[in-house]
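Enquirer: First, the structure itself, so that you have it in front of you.
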Amino acid sequence: MILYQNDAIGFRKAVDRNTLVGEIEHAYVTQMGRAVGQSEKHSWNNSLRFMETAVRNASVPDDCGVLIEYNIPSSLKRIDFIISGHDERGEENFVIVELKQWEKACLTGKEDLVATHLNGAMRETTHPSYQAYSYKRYLSDMNEAIYSKDLHPFSCAYLHNYIPSSPEPLLDRQFETTIQKSPIFFSPDVEKLEAFIKRYVGKGKGMDILYEIEHGKIRPSRKFVDSISEMFEGNEVFTLLDEQRVAYSNIIKYAGEAKKKTTLIVNGGPGTGKSVVAMHAFVALLKQGNNIRFVAPNASFKEAMVAMLSSNHKHAKKRLNALFSGSMVYVDASLDQFDVLLVDEAHRLKGKGTYMYRGISQIEDIIKASKVNVFFIDDLQRIRPDDEGSRQKIKTIAKQFGSEIVEVQLLAQFRCSGAEGFLRWIDHNLQIEETANFLDWDNDSFQFRIFDDPLQLAEKITQLQDKGLKARLLAGYAWPWTSANNTNDDAQVCDVSMSEWNFALPWNSRKDPYNWAVEDSKKNQIGCAIRARGWSLIT
């Protein structure tokens with residue numbers, strides 16, 4: 001999706017005539033189906049005038065190409081501004097410009113993150129240079145026209161209201177490498193920005209380049225695929241065992257040989273290894289040259305999978321995110337746009353009315369958008385009223401699209417020491433599924449305890465953590481959750497409080513909730529139940 005596209009002279013005239021923002025707003029309403037917020041209109045009106053001045057003073061040819069608000073395919077991200085053209089050597093280039101109205105920022109001590117005033121409060125966000133660089137990296141890895149036709153992307157950030165201080169937080173040494181790849185220009189640096197633009201597109205003839213960017217197929221490059229494969233190989237976290245291998249082989253066979261639209265449903269309870277199988281299938285199908293995405297409705301789970309696959313390597317994580325997505329981004333996808341969409345935790349897919357979701361059914365979006373769709377699911381793990389993912393719903397929608405349906409079952413239990421009897425005992429006592437067949441497990445291998453004193457419970461968790469084990473406290477929504485605006489963006493407020501026991505601990509941090517279960521710095525935070533989904537912890 002592109003909200004505005006023109007040549008450089010058309011862009012300049014639209015600014016001169018005060019019609020640019022109106023044109024962008026009309027395109028937004030037409031394509032997005034909703035009104036534009038006042039803050040976004042103000043941003044366009046302010047930032048694009050500064051950008052027009054830079055383009056005009058750079059004296060680039062009238063036939064340079066201009067894109068505004070380019071939606072990165074299969075994501076909710078939009079690139080503010082792109083200008084395209086040729087350089088002195090005849091190379092076909094385009095420049096991505098991330099526009100910010102910031103006036104001040106401060107350090108956070110976290111990689112690639114800074115804090116600035118956003119939406120009425122100080123909030124953490126990515127460094128502008130990193131943001132621009134990540135867009136450039138995505139397009140280089142994923143847009144077939146760019147990597148196959150030798151188009152050259154460049155990126156920068158322009159903070160047109162920002163007067164740098166001394167020392168300037170945004171120029172801190174920790175950002176040096178990122179800024180080298182994607183320069184940052186402040187208000188006094190406008191002539192440097194103009195020179196940067198002119199250097200790469202100063203010979204014009206950019207409209208054909210815009211056409212290639214817009215119409216390039218979104219498919220990972222072979223170089224990118226090879227780098228993902230290298231990360232995966234030898235990672236013991238993703239080793240397949242027994243029945244998991246059978247399920248994996250079935251998925252590869254059916255997905256690889258599909259002659260028509262095909263829907264695979266992989267059904268398995270907690271601990272059967274759905275996610276391990278999903279990752280193996282994802283990498284194998286990616287290596288075969290498929291245009292594939294790993295879809296995770298649960299954001300915390302998605303972030304954790306990326307972290308494990310990349311072993312938390314900074315640049316690997318950045319690139320991996322291009323192939324991992326949430327489930328909301330396929331509402332506007334075209335029919336069979338992807339070869340394969342592989343959906344983990346499909347029971348968490350949403351329907352109409354879910355916050356920020358514009359469609360009718362995420363199951364329908366995914367089946368429509370892919371030639372082969374693979375759903376990893378457990379009907380009993382739905383936890384919210386708007387969770388619509390179920391085997392029956394998937395089969396019903398698949399039939400509407402004429403999709404061939406294949407079901408694969410995962411039964412063997414690899415969690416809780418493989419004790420299926422223990423899990424059946426849990427199901428029976430929680431009235432999930434009544435059964436008398438829960439005696440074949442070693443009671444001494446498990447502890448199921450009820451504490452009358454929360455201090456004793458917390459002490460037990462601490463003892464396990466001190467032994468180097470992963471142990472966490474969970475709580476239901478029985479306590480308030482102080483908002484981030486009330487100085488509680490990083491678990492500062494001990495909301496889970498029982499004064500009669502002199503017990504108080506904070507909920508998990510809003511700043512990085514996705515790694516709550518695995519990061520030692522978060523071991524004294526109490527997680528809401530959703531944060532434990534998909535993890536195997538000692539306690």
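Note that UniProt numbering has the sequence shown beginning at 1, numbered continuously upward.
In this text, a Cβ means the ideal position worked out from N, Cα and C, and glycines have one as well.
Pop quiz: S155 and S182 are said to be a contact at Cβ under 8 angstroms. What is the actual Cβ separation, rounded to whole angstroms?
Expert: Counted from its first residue, the sequence shown places residue 155 at position 155. Counted from its first residue, the sequence shown places residue 182 at position 182. The pair is a contact, with the Cβ atoms about 4 angstroms apart (cut-off 8 angstroms).
Enquirer: For F185, which of G256, L171 and K198 has the nearest alpha-carbon?
Expert: Within the sequence shown, the letter at position 185 stands for residue 185. Nearest option by C-alpha distance: L171.
Enquirer: In whole angstroms, give me the CA-to-CA distance for K259 and Q392.
Expert: Indexing the sequence shown from 1 puts residue 259 at position 259. Indexing the sequence shown from 1 puts residue 392 at position 392. When the Cα atoms are used, K259 and Q392 turn out to be separated by approximately 24 angstroms.
Enquirer: Along the alpha helix (DSSP H) that carries R137, what are the first and last residues, could you check?
Expert: As a working note, residue 137 is residue 137 in the sequence shown. Taken as a continuous stretch (DSSP letters only), the alpha helix (DSSP H) holding R137 covers P128 to M142.
Enquirer: Along the beta strand (DSSP E) that carries V295, what are the first and last residues, could you check?
Expert: The residue labelled residue 295 in the question sits at position 295 within the sequence shown. Where V295 is concerned, the enclosing beta strand (DSSP E) stretches over I292 to V295.
Enquirer: Would you call H26 buried or exposed, if buried means 16 or more other Cβ atoms sit within 10 Å of its Cβ?
Expert: For the purposes of this step, residue 26 is identified with residue 26 of the sequence shown, where counting begins at 1. When all chains shown are included, H26 counts as exposed.
Enquirer: Please state the DSSP three-state secondary structure of P153.
Expert: Position 153 of the sequence shown, counted from the first residue, corresponds to residue 153. Strand at P153.
Enquirer: Where does D378 land, buried or exposed, given buried means 16+ other C-beta within 10 angstroms?
Expert: What you label residue 378 is simply residue 378 of the sequence shown in a count that begins at 1. Under this definition D378 is a buried residue.
Enquirer: Starting from the Cα of Q288, find the closest Cα among D339, F294, D141 and W425 and give me that residue.
Expert: The residue you call residue 288 lines up with position 288 of the sequence shown. Ranking the options by Cα distance to Q288, first place goes to D339.
Enquirer: Check for me: the alpha helix (DSSP H) holding V21 runs from which residue to which?
Expert: Within the sequence shown, numbered from 1, the residue matching residue 21 stands at position 21. Looking at the DSSP string, the run of the alpha helix (DSSP H) that includes V21 is L20 to M32.
Enquirer: Kindly indicate which three-state DSSP category S227 falls into: helix, strand or coil?
Expert: Taking the first residue of the sequence shown as position 1, residue 227 is located at position 227. S227 carries a helical assignment under DSSP once its states are collapsed to helix, strand and coil.
Enquirer: Taking C-alpha atoms, which residue in G468, E500, V408 and S499 lies nearest to K253?
Expert: Here residue 253 corresponds to residue number 253 of the sequence shown, with the count starting at 1. Checking every option, the nearest Cα to that of K253 belongs to V408.
Enquirer: Cα separation between R472 and W516?
Expert: Here the question's residue 472 lines up with position 472 in the sequence shown. Here the question's residue 516 lines up with position 516 in the sequence shown. One C-alpha to the other measures close to 9 angstroms.
Enquirer: Counting pairs of Cβ atoms below 8 angstroms between the region 143-150 and the region 204-219, do you hit three or more?
Expert: In the pairwise beta carbon analysis, the region 143-150 is classified as touching the region 204-219: at least three pairs are separated by under 8 angstroms.
Enquirer: Less than 7 angstroms between C-beta atoms, sequence neighbours within five positions excluded: which residues of the same chain meet that for A491?
Expert: Mapped onto the sequence shown, residue 491 falls at position 491. Excluding residues within five positions, the ones whose Cβ falls inside 7 angstroms are P506, W507, N508, S509 and Q525.
Enquirer: Look at W44 and V15 and say whether their C-beta atoms are less than 7 angstroms apart.
Expert: Residue mapping note: residue 44 aligns to position 44 of the sequence shown, counting from 1. Residue mapping note: residue 15 aligns to position 15 of the sequence shown, counting from 1. No; because the gap between Cβ atoms is not below 7 angstroms, this pair is not in contact.
Enquirer: Taking one C-beta from the region 367-374 and one from the region 326-344 each time, how about it: are there three or more such pairs within less than 8 angstroms?
Expert: These segments touch.
Enquirer: Am I right that L380 and N267 are in contact with their C-beta atoms under 8 angstroms? What's the rounded C-beta distance?
Expert: Taking the first residue of the sequence shown as position 1, residue 380 is located at position 380. Taking the first residue of the sequence shown as position 1, residue 267 is located at position 267. Actually they are not in contact, since the Cβ atoms of L380 and N267 sit about 10 angstroms apart, beyond 8 angstroms.
Enquirer: Distance, Cα to Cα, residue 563 vs T487?
Expert: Outside the modelled stretch of the chain, which goes from 1 to 539, sits residue 563, for which no answer is possible.
Enquirer: Specify, as a first and last residue, the run of the beta strand (DSSP E) that Q5 falls within.
Expert: Here residue 5 is taken as the residue at index 5 of the sequence shown, counted from 1. From DSSP, the beta strand (DSSP E) with Q5 extends over I2 to D7.
Enquirer: Of the choices E519, P454, S521 and T19, whose alpha-carbon is the least far from that of E500?
Expert: By one-based count along the sequence shown, residue 500 stands at place 500. Closest in alpha carbon position to E500, among E519, P454, S521 and T19, is P454.
Enquirer: Verify whether the separation of the beta carbon atoms of C64 and V201 is less than 7 angstroms.
Expert: Here residue 64 is taken as the residue at index 64 of the sequence shown, counted from 1. Here residue 201 is taken as the residue at index 201 of the sequence shown, counted from 1. Yes, Cβ-Cβ distance for C64 and V201 is below 7 angstroms.
Enquirer: Taking Cβ to Cβ, would you say S361 is nearer than 7 angstroms to G351?
Expert: For the purposes of this step, residue 361 is identified with residue 361 of the sequence shown, where counting begins at 1. For the purposes of this step, residue 351 is identified with residue 351 of the sequence shown, where counting begins at 1. Yes, the pair counts as a contact, with Cβ atoms nearer than the cut-off.
Enquirer: Give me, in chain order, the residues of the same chain whose beta-carbon lies closer than 7 angstroms to that of M498; leave out the 5 immediate sequence neighbours on both sides.
Expert: Counted from its first residue, the sequence shown places residue 498 at position 498. Excluding residues within five positions, the ones whose Cβ falls inside 7 angstroms are P454.
Enquirer: Could you tell me the alpha carbon to alpha carbon distance between I292 and L285, rounded to whole angstroms?
Expert: Taking the first residue of the sequence shown as 1, we reach residue 292 at position 292. Taking the first residue of the sequence shown as 1, we reach residue 285 at position 285. Using only the alpha carbons, I get a separation of about 7 angstroms.
Enquirer: Identify, in the order they occur along the chain, each residue of the same chain with its Cβ nearer than 6 angstroms to the Cβ of D336, setting aside the five sequence neighbours on each side.
Expert: Within the sequence shown, numbered from 1, the residue matching residue 336 stands at position 336. Only K371 meet the Cβ criterion.
Enquirer: Go ahead and label D80 buried or exposed: buried means 16 or more other beta carbons lie within 10 angstroms of its beta carbon, across all protein chains shown.
Expert: Along the sequence shown, read from residue 1 onward, the residue named residue 80 stands at position 80. When all chains shown are included, D80 counts as buried.
Enquirer: Here's the rule: buried if 16 or more other CB atoms are within 10 angstroms of the residue's CB, otherwise exposed. What is I24?
Expert: The count along the sequence shown starts at 1 and reaches residue 24 at position 24. Buried, because 16 or more other Cβ atoms sit within 10 Å of the Cβ of I24.
Enquirer: When you compare only the Cα positions, how much space is there between W479 and S229?
Expert: The sequence position of residue 479 within the sequence shown is 479, counting from 1. The sequence position of residue 229 within the sequence shown is 229, counting from 1. Their Cα atoms are separated by approximately 44 angstroms.
Enquirer: Can you list, in chain order, the residues of its chain whose CB lies under 7 angstroms from that of A529, leaving out five sequence neighbours each side?
Expert: Translated into positions along the sequence shown, residue 529 becomes position 529. Correct list, in chain order: L474 and G476.
Enquirer: When we look at the beta-carbon of N290 and count the other beta-carbons within 10 Å, is it buried (16 or more) or exposed?
Expert: The count along the sequence shown starts at 1 and reaches residue 290 at position 290. Buried: at least 16 other Cβ atoms inside 10 Å.
Enquirer: Identify, in the order they occur along the chain, each residue of the same chain with its Cβ nearer than 7 angstroms to the Cβ of Y70, setting aside the five sequence neighbours on each side.
Expert: Here residue 70 is taken as the residue at index 70 of the sequence shown, counted from 1. Excluding sequence neighbours, Y70 sits near I2, R78, I79 and I82.
Enquirer: Assign A299 to one of two classes, buried (16 or more other C-beta atoms within 10 Å of its C-beta) or exposed (fewer than that).
Expert: The residue labelled residue 299 in the question sits at position 299 within the sequence shown. By the neighbour-count rule (16 or more Cβ atoms within 10 Å), A299 is not buried but exposed.
Enquirer: So what's R415 in DSSP terms, helix, strand or just coil?
Expert: As a position in the sequence shown, residue 415 is number 415, starting the count at 1. Summary for R415: the model assigns pLDDT 48, below 50, so the residue's position carries little reliability, and this model does not support an answer.
Enquirer: In angstroms with no decimal places, state the Cα-to-Cα distance between S75 and L67.
Expert: Looking up residue 75 in the sequence shown gives position 75. Looking up residue 67 in the sequence shown gives position 67. The C-alpha of L67 is placed about 17 angstroms away from the C-alpha of S75.
Enquirer: Does the separation of the CB atoms of Y158 and V95 fall below 7 angstroms?
Expert: One-based indexing of the sequence shown puts residue 158 at position 158. One-based indexing of the sequence shown puts residue 95 at position 95. The answer is no: Cβ separation not under 7 angstroms.
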